[in-house]
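The structure appears right after this line, and notes come after that.
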Amino acid sequence: MAQNISNEGTEFWTVFPTHVPNPNSPATMNVNVTSRFNTRVTVSCGSYVDTKDVPANTVVTFLVDRPQSYIEITDGNRILNNRGIHIKVAEGMPKIVAYSHVFASARSAATLILPVDALGQKYFSMNYTQDPTGDNFIAIIAADDNTDLIIHKRDGTTLPINGMMKGDVYEYIVPSQDLTGTFVETATNSSCKKFAAFSGSSAIRIGGNSGGIDPLLQQLYSVNSWGKTYGVVPFIGRRYIVRVLAQEDNTTINFDGIPVGTINKGQFTEHILTQATIVSSDKLISVAEYSYTQEFSSPNGGSINTGDPEMVLLNPIEFNIKNITLFSSDKNSIVEKYLNVFMKTNKSASFRINGLPPLNAVWQPMPDPTYSYLQVQVSQESLTLTADDGFNAIAYGFGNHESYAYSAGTNLASSQFLLLLNKVTNVENASACVGQAADFKLTLPFQLEKIVWKFSDGTPDYIDNSPVATTSGTSTILYTYTAPVNKTFNVVGATQVIADATLSAIAGSCYTNLQELIFNFNVDPLPEAKIEAPATALSLFLHTIIMLWSC
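Residue numbers (my numbering): 333 to 883.
Structure follows, in structure tokens:
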């Protein structure tokens, strides 16, 4: 399983789903974007269009026009033309990360938004047992014209959705049902199309029949971005629920190495926990973590000062990440904001927030001491997380009958991507390091006869008339082509390369013979050197100083 691309991107789709508001305050929706570089972003839906500059390391908020975007309860179960919310970076500008936040008085939900490059063709819904306060939903957005989809219900029946155009939305919403395990996939005649999917609840209580209610909302990961091992860290100071969902029959689930059950395709297992745990399986799984209604949130099941129902989809170890910029929301009465971080114990000392070690942070061992976790309170809105090794993290916040939670960032599966092999550090990355030469590694789901690499800075084309591929994958065969371009990028910021790819005769019906593949990526500055030296200042020996310059 490859770690191909991150949740940084230049194009995204999101949705404003059905929401049960506080009677005195209808819900609104913000799209929040941030970037490591100065960039420019347009958010649009229907006739609503808003363009803003995004200064580096700041959060810029777009208040999405409600009449153009909101899905009323009466809009469910039919195609809504041009109802998708489109997020687009200006041509040639640096990538962003994006989040959506739906909120009203004592009603809040938020999700990480995934780039178009990471969208897939099959998703399993993750929801929760519905009480009478609201309804479970799956919201679907077509990323391509003429997209036909099939919803596979839990009772074994199917629902076709035909003729969706790019930006169209379909919200499948049903009363009094838990939609977890329902799955959506492209129809055979749309096998080359991609779409986005979101799931949740318009309002829900978790833990009892009284107390506060809140919506649930998460963007779903395609089945290609599921994994086999997940670190699950508690929401700080409270108990929580874990659901584990299978996409194949005979999937064995383990908690801290101990089998807890075997489930089939579309089935899930649910557990109430207070401690950190490692969930693993012999097959690909999806894992969600839930917080309780405030009145049932304490470790012993009692009331606590802050909290509300929440759901966050976790990312597996296989798709961890080393560097990400994220948004930590304090909107709508959120008074406590936290990060949960999970990574290898022997690399945890390298973890940084905005370039600094977390203040007053204590790493705790997981049941498998190979891994540790951190729960740390934060105050800033824009946070850049870095480490020398991969980590998984979620961002969350609580207030009085208020909550949100989402993935802080992740790598994701993609069948078409470019990696740069740094010839100084010998590290592969999705971005380049300024002043350091790199070769290209291009991975595609089809074979090539010829590649011509074109550069935006006037560097002569690099032509490979007989590219040779290495193959990987099982269900989908991927072809990786290495180009010894020895290219150095001398300006920090966004850049672009183009690969004119001539496909072989057996490439498949989804592709034309000649493909222009455009890759936008960032050129990162070199970090300040980290100097490792002996602690004893009186040493009379000459010691080696190791300077690590990898960006």
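Virtual Cβ for every residue (Gly too), placed ideally from N, Cα, C.
Could you tell me which residues DSSP puts in a beta bridge with residue i?
i, result
"residue 696", "705"
"residue 507", "467"
"residue 713", "Residue 713 is not bridged to any residue."
"residue 516", "455, 483"
"residue 684", "718"
"residue 650", "BP columns for residue 650 are empty, so no partner."
"residue 739", "726"
"residue 731", "734"
"residue 412", "501"
"residue 376", "381, 418"
"residue 475", "For residue 475, which the question treats as bridged, DSSP gives no partner whatsoever."
"residue 338", "743"
"residue 604", "573"
"residue 303", "Here the chain covers residues 333 to 883 and nothing more, so residue 303 does not appear."
"residue 765", "856"
Please list, in chain order, all residues of the same chain as residue i whose beta carbon is under 7 Å from its beta carbon, the five residues on each side excluded.
i, result
"residue 850", "828, 830"
"residue 572", "566, 605, 621, 622, 623"
"residue 388", "367, 368, 369, 370"
"residue 693", "706, 708"
"residue 577", "456, 458, 512, 513, 600, 617, 618"
"residue 698", "563, 608, 610, 704, 705"
"residue 718", "654, 655, 684"
"residue 391", "364, 366, 659, 713, 714"
Beta strand (DSSP E) containing residue i: first to last residue?
i, result
"residue 534", "527–536"
"residue 385", "380–386"
"residue 659", "653–659"
"residue 783", "780–787"
"residue 394", "392–395"
"residue 771", "770–776"
"residue 492", "490–496"
"residue 819", "810–819"
"residue 622", "609–623"
"residue 628", "Element bounds for residue 628: n/a, residue is neither H nor E."
"residue 346", "343–346"
"residue 828", "825–835"
"residue 593", "590–595"
"residue 360", "360–366"
"residue 803", "801–804"
"residue 796", "794–796"
"residue 675", "668–676"
"residue 369", "Premise fails: residue 369 is in no beta strand (DSSP E) and is neither H nor E."
"residue 642", "642–645"
Among the residues of its own chain, which have a CB less than 6 Å from the CB of residue i, if the five just before and after it don't count?
i, result
"residue 344", "419, 430, 445, 447"
"residue 649", "561"
"residue 769", "755, 818, 820"
"residue 535", "352, 465, 466, 545, 547"
"residue 515", "456, 484"
"residue 647", "724, 739, 742"
"residue 690", "708"
"residue 784", "793, 795, 832"
"residue 731", "638, 665, 666, 667"
Could you check where the alpha helix (DSSP H) with residue i kicks off and where it finishes?
i, result
"residue 398", "398–401"
Compute every distance between the C-beta of residue i and the non-hydrogen atoms of the ligand GDP, then say whether any falls below 6 Å.
i, result
"residue 455", "No copy of the ligand GDP appears in this structure; indeed no ligand is present at all."
At least one CB of chain B closer than 7 Å to the CB of residue i: is that the case?
i, result
"residue 836", "In summary, chain B is missing from the structure at hand, where a single protein chain is found."
Among residues of its own chain, excluding the 5 on either side of residue i, which ones have a beta-carbon nearer than 8 Å to its beta-carbon?
i, result
"residue 791", "819"
"residue 856", "368, 763, 764, 765, 766, 824, 883"
"residue 752", "760, 761, 762, 763, 764, 770, 771, 772, 773, 853"
"residue 701", "677"
"residue 403", "347, 348, 349, 350, 412, 415, 471, 501, 503"
"residue 591", "584, 585"
"residue 405", "350, 467, 505, 534"
Segment contact flag, the segment 584–598 with the segment 546–553, C-beta cutoff 8 Å, min 3 pairs: no
Cβ contact check for the segment 433–440 and the segment 511–521: 3 or more pairs under 8 Å: no
The segment 756–768 contacting the segment 778–794, beta-carbon criterion three pairs below 8 Å: no
Any 3 or more C-beta pairs closer than 8 Å across the segment 657–674 and the segment 365–377: yes
Cβ contact check for the segment 636–645 and the segment 478–492: 3 or more pairs under 8 Å: no
Every unbroken beta strand (DSSP E) inside the segment 429–454 [3 residues or more]: 429–436, 439–445
Inter-stretch contact (C-beta, 8 Å, three-pair minimum) for the segment 373–391 and the segment 455–472: no
Segment contact, 8 Å Cβ cut-off, at least three pairs: the segment 393–401 with the segment 482–492: no
Every unbroken beta strand (DSSP E) inside the segment 547–583 [3 residues or more]: 559–564, 572–578
Segment contact flag, the segment 526–540 with the segment 623–633, C-beta cutoff 8 Å, min 3 pairs: yes
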